[in-house]
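Take a look at the structure below.
Numbering (this note's numbering), first residue to last: 4 to 226.
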């Protein structure tokens, strides 16, 4: 998917990927990260965050939150809809809008560098890996691993379905692909896997024969 594709989706309000409620897997499995108490002062990184309400939930757990989002419209909508008045700071190729311990880097994910994430202790990835085509997924994971501090924990949520039955996004990401992308760079623990085919009218409308959602806990290797 090109940048123009996503900008067009936001411009025309075609954002079926946006959830109006807090993600239930985040609520249930975030505790599995067993973050140390001093991580209350560190940041949780949310790539391709859109205007997700999950940012608010993470802040309510006592974390500082750092997102990155290419769509200026999405970033502005997040702060407007939550009645927050952000301060603006320019960081090289990125603009950073911040309010109430939530900061969003507005710009290209691949322009985010290690020093931007120096305070990050965990990552929440619900909608970034599955939003990317296979060739971009490899580039995304390589860059993410390059810019994260050592031994960072990642809560990763994926979809898996017969890719030929729907073009995506969200794209199918199998357990085999998760291992191929992360195995040499992180410990991988499957927390849960659910067959959700019958629970989502959208999947049924596309005629998908089987949809599985998986929740992983990844811990990147010490550097």
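All C-beta atoms in this analysis are idealised placements derived from N, C-alpha and C, irrespective of residue type, glycine included.
Limits of the unbroken beta strand (DSSP E) element including residue i
i: residue 152; result: From DSSP, residue 152 is part of no beta strand (DSSP E); its letter is neither H nor E.
i: residue 50; result: 46-50
i: residue 211; result: That residue, residue 211, is in no beta strand (DSSP E); it is neither H nor E in DSSP.
Residue i burial status per 10 Å Cβ neighbour count (16 or more: buried)
i: residue 175; result: buried
i: residue 226; result: exposed
i: residue 1; result: Because residue 1 is not part of the residues shown, which for the chain are 4 to 226, the question remains open.
i: residue 209; result: exposed
i: residue 26; result: buried
i: residue 205; result: exposed
i: residue 72; result: buried
i: residue 184; result: buried
i: residue 164; result: buried
i: residue 88; result: exposed
i: residue 69; result: buried
i: residue 86; result: exposed
Contact belief for residue i with residue j at Cβ below 8 Å, rounded distance in angstroms
i: residue 3; j: residue 144; result: Because residue 3 is not part of the residues shown, which for the chain are 4 to 226, the question remains open.
i: residue 36; j: residue 202; result: Not quite, the Cβ-Cβ distance comes to about 26 Å (not below 8 Å), so this is no contact.
i: residue 159; j: residue 188; result: Not quite, the Cβ-Cβ distance comes to about 13 Å (not below 8 Å), so this is no contact.
i: residue 110; j: residue 77; result: Rounded, the Cβ-Cβ distance is 12 Å, inconsistent with contact.
i: residue 161; j: residue 120; result: The Cβ separation is near 22 Å, so there is no contact.
Strand pairing of residue i, partner residues [DSSP]
i: residue 128; result: 159
i: residue 35; result: The partner list for residue 35 (beta bridge, DSSP) is empty, contrary to what the question assumes.
i: residue 219; result: 159, 193
i: residue 93; result: 98
i: residue 107; result: 70, 100
i: residue 123; result: 46
Boundaries (first-last residue) of the alpha helix (DSSP H) holding residue i
i: residue 180; result: 178-185
i: residue 79; result: 75-84
Closer than 8 Å: residue i CB and nearest the ligand FMN heavy atom
i: residue 88; result: The ligand FMN is not among the ligands present in this structure, which contains no ligands whatsoever.
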